[in-house]
Amino acid sequence: MPDAAHDTTHTVPALPSPWRARVPRYADVDALVALRRLDELQGTGESHAARPGIESEVVGLASWTRRQLVAVGDDDVPCAWITVHDRAAGRATVWGYFDRDVPEVDAIADTFYRWAEDAAVAMARLRGVTATRLDENPFAGDTRQLGWLARAGYAERRTWLHMVRPVTPDEARLTARPGVSVRPVERHENGLPVATDLQTVHEMLETSFQDHFNSYRESFTEFVQRLREDPGHSWDHWWLAYVEDDDGRPVPAGTVVCSSLAAPAGGAPGTYVEYIGVTRAARGRGVAKSLLATVIADAARSGRDRVALEVDADSPTRADELYRSLGWETEHVTESWFKDLELDG
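Heads up: the sequence shown runs through residues -9 to 335, numbered per our numbering.
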């Protein structure tokens, strides 16, 4: 996917005076951090946005799969930012961040969401698919953003619970359940992971989420590339779980992939569960609890003070109930808003 800064397939849209649209650049990073933090404060009352992640999205590794625009005035400082992420064939994730105090913000938002649709269609054409889905995840109750999305033709489809659990030093002793073994993804002497283990992780997740909402096939290269875009990514945060089959042989049963959460001012870093999956055949054998115990113990040994995750409020596996039973509590709620597009000719 072309870097947004070198993409000439789209016309930059006109905005109401005194605003103009352009592609973001490195000098904008601090302003975009402020916009992301403002968005989080409006949605949750707290902000966890960290500069490394936003820098990656704007000018780093994560920018390679994104097209994006900012709106600037006479001072050339962004007051709005929209990103379209080419997540997979026929899937585009959209994020819009807007300074609500700008008088023309409604017109800017409407224009940016129209541009995002055009960008997603162009991505789909490059992929050679005939349909694509746009997915935006606003904070629940953010009536301003929900109004922009409704005007752009999106519809609410799902609710997501963002949960967090404190970690205490004594939890470094937590271990897997009897009958379940958990090990880190194997790595070579140079620290890079062994390919067969990464492929097993990918296969575990693909098979585990087949009966989940919005499940779709993501290629192995898309999966690895996307996770590596996060500055909090580390290969030692990937684990595989095994159980014994009827012949007593260990077989893969599940996996968990995590990243590091940046430390807030005066606080400690945390761990974020990007994915946890258990194969259907292994459910009910303590695999998920074993994987979570491994993550919590690792966080405790590493001096982290919390483990956060996101879960579908209507998960068919009732995962939210499992997390609550193990000490997780909901911190805030987001929604999935979709717009499905059929491409012409």
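Here a beta-carbon is modelled for each residue, glycine too, at the ideal position from N, C-alpha and C.
Source: prediction; values computed, not measured.
Practice task
Just grab the DSSP bridge partners of Ala298 for me.
Solution key: Under DSSP, Ala298 shares a beta bridge with Val154 and Tyr262.
Problem - With 16 other Cβ atoms within 10 Å as the buried cut-off, status of Arg275 - result: Arg275 should be labelled buried.
Exercise for the section: For Glu264, collect the residues of the same chain with a Cβ closer than 7 Å to its Cβ; drop the 5 residues on either side in sequence, then sort them by chain order. Expected result: Excluding five sequence positions before and after Glu264, the CB atoms of its chain that fall closer than 7 Å to its own CB belong to Leu217, Val247, Cys248 and Ser249, given in chain order.
Handout entry: Reduced DSSP category for Tyr144 - H, G, I as helix; E, B as strand; rest coil
Key = If DSSP states are grouped into helix, strand and coil, Tyr144 belongs with coil.
Practice task
Mark Tyr16 as exposed unless 16 or more other C-beta atoms lie within 10 angstroms of its C-beta, in which case mark it buried.
Solution key: Exposed, because fewer than 16 other Cβ atoms sit within 10 Å of the Cβ of Tyr16.
Exercise for the section: Spatial neighbours of Leu164 within its chain, please: CB distance less than 6 Å, with the 5 preceding and 5 following residues excluded, ordered by chain position. Expected result: Closer than 6 Å at the Cβ level, and outside the excluded window around Leu164, lie Ala283, Ile286 and Ala287.
Practice task
Return the CA-CA distance between Thr1 and Ala11, expressed in angstroms with no decimal places.
Solution key: For Thr1 and Ala11, the distance between alpha carbons rounds to 10 Å.
Exercise for the section: Please name the residue or residues paired with Glu126 in a DSSP beta bridge. Expected result: DSSP, once it has assigned bridges, lists Val84 and Trp327 as partnering Glu126.
Practice task
Inspect the CB distances between the segment 119 to 138 and the segment 81 to 88 and report whether three or more fall short of 8 Å.
Solution key: Counting Cβ pairs under 8 Å, three or more are found: they touch.
Practice task
Look up His75 in the DSSP assignment and give the residues it is bridged to.
Solution key: In the DSSP output, where bridge partners are listed per residue, His75 has Arg56 and Thr83.
Exercise for the section: Return yes when the Cβ of Leu124 is within less than 8 Å of the Cβ of Lys279, no when it is not. Expected result: No; because the gap between Cβ atoms is not below 8 Å, this pair is not in contact.
Exercise for the section: Measure the alpha-carbon distance for Glu319 versus Pro6 and round it to whole angstroms. Expected result: When rounded, the distance between both Cα atoms is 43 Å.
Exercise for the section: Out of Trp150, Val95, Asp108 and Glu45, state which residue places its alpha-carbon closest to the alpha-carbon of Val301. Expected result: That would be Trp150, whose Cα lies nearest to the Cα of Val301.
Exercise for the section: Since I believe Gly244 is in contact with Ser198 (beta carbons under 8 Å), could you give me their beta-carbon distance rounded to a whole number of angstroms? Expected result: The distance from the Cβ of Ser198 to that of Gly244 is about 7 Å, consistent with a contact at the 8 Å cut-off.
Problem - Pair within 8 Å by beta-carbon distance, Ala52 and Glu219 - result: In this structure, Glu219 lies closer than 8 Å to Ala52 by Cβ.
Problem - Boundaries (first-last residue) of the alpha helix (DSSP H) holding Tyr313 - result: Unbroken alpha helix (DSSP H) run through Tyr313: Ala309 to Ser315.
Handout entry: Backbone CA spacing between Ala112 and Pro3 [nearest angstrom]
Key = Cα to Cα, Ala112 sits roughly 15 Å from Pro3.
Handout entry: Which listed residue (Ala290, Leu312 and Phe102) has its alpha carbon closest to that of Val13
Key = Comparing alpha-carbon positions, the option among Ala290, Leu312 and Phe102 lying closest to Val13 turns out to be Phe102.
Practice task
Mind listing, in chain order, the continuous beta strand (DSSP E) runs of no fewer than 3 residues lying wholly within the segment 219 to 246?
Solution key: Within the segment 219 to 246, the complete beta strand (DSSP E) runs of at least 3 residues are 223 to 234.
Exercise for the section: Report yes or no: is there a C-beta of chain C within less than 8 Å of the C-beta of Pro174? Expected result: Protein chains in the displayed structure number just one, and chain C is not present.
Exercise for the section: Pick out whichever of Ala110, Thr158, Pro128 and Pro159 has its Cα sitting closest to the Cα of Ala145. Expected result: For Ala145, the nearest C-alpha among the options comes from Pro128.
Problem - Assigned secondary structure, Ser343 (DSSP; H/G/I helix, E/B strand, else coil) - result: Residue 343 is absent from the model: the chain starts at -9 and stops at 335.
Handout entry: the segment 52 to 70 in contact with the segment 225 to 239 per 3-pair CB rule at 8 Å
Key = Too few Cβ pairs lie closer than 8 Å, so no.
Practice task
Look up Gly169 in the DSSP assignment and say whether it is helix, strand or coil.
Solution key: Looking at Gly169 - three-state DSSP - the assignment turns out to be coil, as it is neither helix nor strand.
Practice task
Could you spell out the range, first to last residue, of the beta strand (DSSP E) harbouring Arg12?
Solution key: Residue range Arg10 to Arg12 is occupied by the beta strand (DSSP E) that includes Arg12.
Practice task
Pull up the distance between the alpha-carbon of Arg147 and that of Gly131, whole angstroms please.
Solution key: Arg147 and Gly131: Cα-Cα distance of roughly 14 Å.
Practice task
Determine the direct distance from the alpha carbon of Ala109 to that of Glu311, and round the result to whole angstroms.
Solution key: Rounded to the nearest angstrom, the gap between the Cα atoms of Glu311 and Ala109 is 38 Å.
Problem - Spatially closest choice to Ala106 from Asp96, Ala82, Ala121 and Val95, by CA coordinates - result: Of the listed residues, the one whose Cα sits closest to Ala106 is Ala82.
Problem - Coil, strand or helix - Ala61 by DSSP - result: Here DSSP, grouped into helix, strand and coil, assigns Ala61 to strand.
Handout entry: For Trp9 and Gly267, the rounded distance between their alpha carbons
Key = Whole-angstrom Cα-Cα distance: 45 Å.
Problem - Environment of Pro93 [buried if 16+ CB atoms lie within 10 Å] - result: The residue in question, Pro93, is exposed, as its Cβ has fewer than 16 Cβ neighbours within 10 Å.
Practice task
Could you spell out the range, first to last residue, of the alpha helix (DSSP H) harbouring Glu36?
Solution key: No alpha helix (DSSP H) holds Glu36; DSSP gives it neither H nor E.
Practice task
Whole angstroms is fine: what's the gap from His227's alpha carbon to Asp334's?
Solution key: Approximately 43 Å between the Cα atoms of the pair.
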